[in-house]
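Residue numbers (the numbering used here): 1 to 139. A virtual CB, placed ideally from N, CA and C, is assigned to each residue, including glycine. Heads up, the thing below is written out as structure tokens.
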Amino acid sequence: MCRFFQVSRSGYYDFVHRLGRPEKDAALAEIIAEQREHSFRTYGYRRMWLVLKKRGTHRNPKTILRIMEKYGLLAEIRRRRKWGNLGQQAHQYENLLDRRFHADRPNSKWVTDISYIHTRQGMLYLSMIRDLYDNSIAA
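See the structure below:
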């Protein structure tokens, strides 16, 4: 049978003996899976190694990587969103400030900007209007 499958006898018996043995990495994989859920699946093997080291579990980082690969526990990589042309162009206003960001009197020059804030509940948008005279927030 070994000759038919082109396997050495020692390799076959090594395989048979391994069948009865419990998986030595299973306990550590369970700890890694627990920490992975705690970190919202964002920790790679290097950060996971640091977390385990702080908890008192000392292993080689390559061992952590091997276990994470074996059990499918690697970090989920967040990809950047691609921005492209969304079809029709919006109306483009002319540049009235022309990089002159100083105002001589209040309420003569206002600027605005939108900030995107990523939260667990989703995306939040922060929009403000700023007076260039004293950098106060108008709205």
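Practice prompt. State the start and end residues of the unbroken alpha helix (DSSP H) segment that holds ILE13.
Written response: Residue 13 is actually Tyr in this sequence, not Ile. Counting along the chain, the alpha helix (DSSP H) containing TYR13 begins and ends at 9–20.
Worksheet item: If we call anything under 8 Å between Cβ atoms a contact, is TYR45 one with LEU19?
Response: no
Worksheet item: Is the beta carbon of ALA75 less than 8 Å from the beta carbon of ARG21?
Response: no
Worksheet item: Within 8 Å (strictly less), CB to CB, does ARG59 reach chain B?
Response: Any reference to chain B falls outside this structure, which holds one protein chain only.
Discussion item. Please report the straight-line C-alpha distance between TYR13 and ALA29, rounded to a whole angstrom.
Written reply: 27 Å
Worksheet item: Hey, MET68 and ILE114 are a contact pair by Cβ (cut 8 Å); roughly how many whole angstroms apart?
Response: Contact flag wrong, Cβ pair sits at about 38 Å.
Worksheet item: What residue does the alpha helix (DSSP H) around ILE137 start on, and which one ends it?
Response: Here ILE137 belongs to no alpha helix (DSSP H), and DSSP marks it neither H nor E.
Worksheet item: Can you list, in chain order, the residues of its chain whose CB lies under 7 Å from that of PRO61, leaving out five sequence neighbours each side?
Response: TYR45, ARG46, TRP49
Worksheet item: How many whole angstroms separate the CB atoms of ILE129 and THR112, which I take to be in contact at a CB cut-off of 8 Å?
Response: 5 Å
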